[in-house]
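Each remark here refers to the structure printed beneath this line.
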Amino acid sequence: MAKAPDAFRTISEVSDTLDTPAHVLRFWESKFSQIKPVKRAGGRRYYRPEDVALLAGIKTLLHTQGMTIKGAQKLLREKGIKHVQGIGIDGPILADQAKPATEAKSSSKPDKSADKAEKSSPIAEEIAATEMPEPVQQSLEISNITAFRRRAPDTDPGPQPPARAVPDLPPNPSSDKAYEPRYFGNGTRLDDDAIKAQAAKIAPLLARLETVRDQMRKS
1 MAKAPDAFRT ISEVSDTLDT PAHVLRFWES KFSQIKPVKR AGGRRYYRPE DVALLAGIKT
61 LLHTQGMTIK GAQKLLREKG IKHVQGIGID GPILADQAKP ATEAKSSSKP DKSADKAEKS
121 SPIAEEIAAT EMPEPVQQSL EISNITAFRR RAPDTDPGPQ PPARAVPDLP PNPSSDKAYE
181 PRYFGNGTRL DDDAIKAQAA KIAPLLARLE TVRDQMRKS
């Protein structure tokens, strides 16, 4: 059964009348402060005929005339709500409504049939019957994680250098009595002739040593 022209309408009914999704109507309500539907407990909205006319006018400005939201807001501020409502009433969206929205009787209480229609509507029943799935807790599987062990320090020092060869030395001569310390001389004084004879023997050797010394200095 069709509602009276002055009856309140739910957001789903307005969505069907204007062929506009409900979330778009809520978006327009956040952008245009002039849209003020009657709200009841639970956030349920009821739109009066003048609210429907205003929404129809806004849709005509945005979708038919290609106006931006800022442009529509400016038009509402400059020419008022009645002007935009008239655009909605005169437009094709509400052409089937015979009674103008400006002459509709406003009621402080919404029509009980609207509440009943919303409760019994297929969309409301579908939403009420829909159960939200419980959140699935995802667990982190660590079965494929490989544990890394700290590697112990390498205790192998590697190849050692060869031991130094010990030279084959003769036994210590200190234990031999033949090598016991003794005085250089026994106090016997040599004569001058013996010294001169000994000096004559080593003279060639001294000469050779001096020659070698001079050559080393020159080089």
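Residue numbers (the UniProt record's numbering): 1 to 219. Here a beta-carbon is modelled for each residue, glycine too, at the ideal position from N, C-alpha and C.
- Put simply, the backbone Cα of E29 is about 16 angstroms away from that of P49.
- Of all alpha-carbon atoms in I81, R45, A163, D191, the one lying nearest the alpha-carbon of G57 is that of I81.
- Secondary-structure assignment with DSSP links R9 through a beta bridge to Y47.
- Here the region 58-69 makes no contact with the region 39-46; the two share fewer than three CB pairs at distances below 8 angstroms.
- Judged by DSSP secondary structure, F27 falls within the alpha helix (DSSP H) whose first and last residues are 22-31.
- Taking the C-beta atoms as reference points, T60 is found nearer than 8 angstroms to G88.
- Taking 8 angstroms as the cut-off, the Cβ atoms of L62 and I35 do not count as close.
- Partner residues in the beta bridge of V38, as assigned by DSSP, are Y46.
- As the crow flies, the alpha-carbon of V38 is around 13 angstroms from that of V14.
- The residue among A7, A72, P159 with its C-alpha nearest the C-alpha of K31 is A72.
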